[in-house]
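Residue numbers (the working numbering): 1351 to 1459.
Don't be surprised by glycine CBs; every beta carbon is placed ideally from N, CA and C.
As structure tokens, this is what we get:
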């Protein structure tokens, strides 16, 4: 269940970030409400995952995958573009998460 909780936290973080963009600085009510609710529930699920996943590992996965998925949403939904340095940076983030999970003794969970 720990990775189900972490996955839900990641998805809700991406939803919250996406609706934050749509809220136009919290000036639109519905996207603002979705942002707040998504982040509150996101942090609940992240707290549940942290009961059995080390903080550094959970946060790296949550943050890294959140960045990647949010970047994809920004391109697909908001029609924003990513240049080569941004793409390389995202690849490096993913590589860092993979290295931590497969090679770090800290990730022994």
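Whether residue i touches residue j by CB criterion (8 Å)
i            : j            : result
residue 1421 : residue 1408 : no
residue 1397 : residue 1385 : no
residue 1428 : residue 1371 : yes
residue 1425 : residue 1419 : no
residue 1464 : residue 1368 : Residue 1464 lies beyond the stretch modelled for the chain, which goes from 1351 to 1459, so this question has no answer here.
residue 1395 : residue 1452 : no
residue 1406 : residue 1357 : no
Residue i burial status per 10 Å Cβ neighbour count (16 or more: buried)
i            : result
residue 1377 : exposed
residue 1416 : buried
residue 1434 : exposed
residue 1366 : buried
residue 1364 : buried
residue 1375 : exposed
residue 1441 : exposed
Three-state secondary structure (DSSP) of residue i
i            : result
residue 1398 : helix
residue 1442 : helix
residue 1429 : coil
residue 1351 : coil
residue 1454 : coil
Query - Contact the stretch 1432-1450 vs the stretch 1374-1394: 3+ CB pairs below 8 Å - result: no
**Report entry** In chain order, each alpha helix (DSSP H) run of at least 4 residues that lies wholly inside the stretch 1364-1421
**Finding:** 1379-1399
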